[in-house]
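Inspection log for the structure reproduced underneath, given as structure tokens.
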Amino acid sequence: MRALDLGDLPGLKTGASKSEIQNMPVYRYRATNEAASTESTAQSQGQGEDSKKTTKKGFMHRLLKQCRPKREEQDFESTYEYLTLDAAEDSVCSICLSEYENNDLLCKLWCRHHFHKSCVQEWLALNTKCPLCKQDFRGKEYYDSDDVENE
1 MRALDLGDLP
11 GLKTGASKSE
21 IQNMPVYRYR
31 ATNEAASTES
41 TAQSQGQGED
51 SKKTTKKGFM
61 HRLLKQCRPK
71 REEQDFESTY
81 EYLTLDAAED
91 SVCSICLSEY
101 ENNDLLCKLW
111 CRHHFHKSCV
121 QEWLALNTKC
131 PLCKQDFRGK
141 EYYDSDDVEN
151 E
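Residue numbers (UniProt numbering): 1 to 151.
Next up, the structure:
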């Protein structure tokens, strides 16, 4: 619908409002202490650069970062609570498929799924469902109008 520039049509489901998106909790990602200490130990033992795990940001994440408004730079100065994920396989944004790096801004939905702030904000502007579990990101009290009609 965005490509056709039709605007809001009655009966057409759209994404969340800007105020709903801005009310999401935002965290600053911090790698686990174990991962950080493992890398520093490997470097100090002189195993070379081959032993270090290289992480490349995904294309979509880099593209979204370039298109990000200047206001995001001010967010970097703000203080956020840190979010540390225990499992390394959970340290990936499911939208852009790139790994989280230290100090990345993440949003955590009530369903406990987390994504890069810029990725999930763009997603939720088009769709109110979590990209992983398809539940409404605003909380349990919200439900589809289809569910109400079927009851």
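Every residue gets a Cβ at the ideal spot worked out from N, C-alpha and C, and that includes glycine.
| query | The alpha helix (DSSP H) spanning K117 covers which residue range? | reply | Element bounds for K117: 117 to 126.
| field | Distance, Y100 Cα to S91 Cα | value | Answer to the nearest angstrom: the Cα atoms are 5 Å apart.
| message | Among L83, C96, T32, whose alpha-carbon lies nearest the alpha-carbon of F59? | response | Minimum Cα distance to F59 is reached at C96.
| said: Can you tell me whether D86 is helix, strand or coil according to DSSP? | reply: In this structure, DSSP gives D86 a state outside helix and strand, which the three-state scheme calls coil.
| Inter-residue spacing [alpha-carbon to alpha-carbon] between E81 and R28 | So the alpha carbons of these two residues sit roughly 6 Å apart.
| How would you label D104, buried or exposed, when you count the other beta carbons within 10 angstroms and need 16 or more for buried? | Buried.
| Which residues in the same chain have their Cβ closer than 6 Å to the Cβ of T84, if we skip the five residues on either side of it in sequence? | Same-chain partners within the cutoff: R30, T32.
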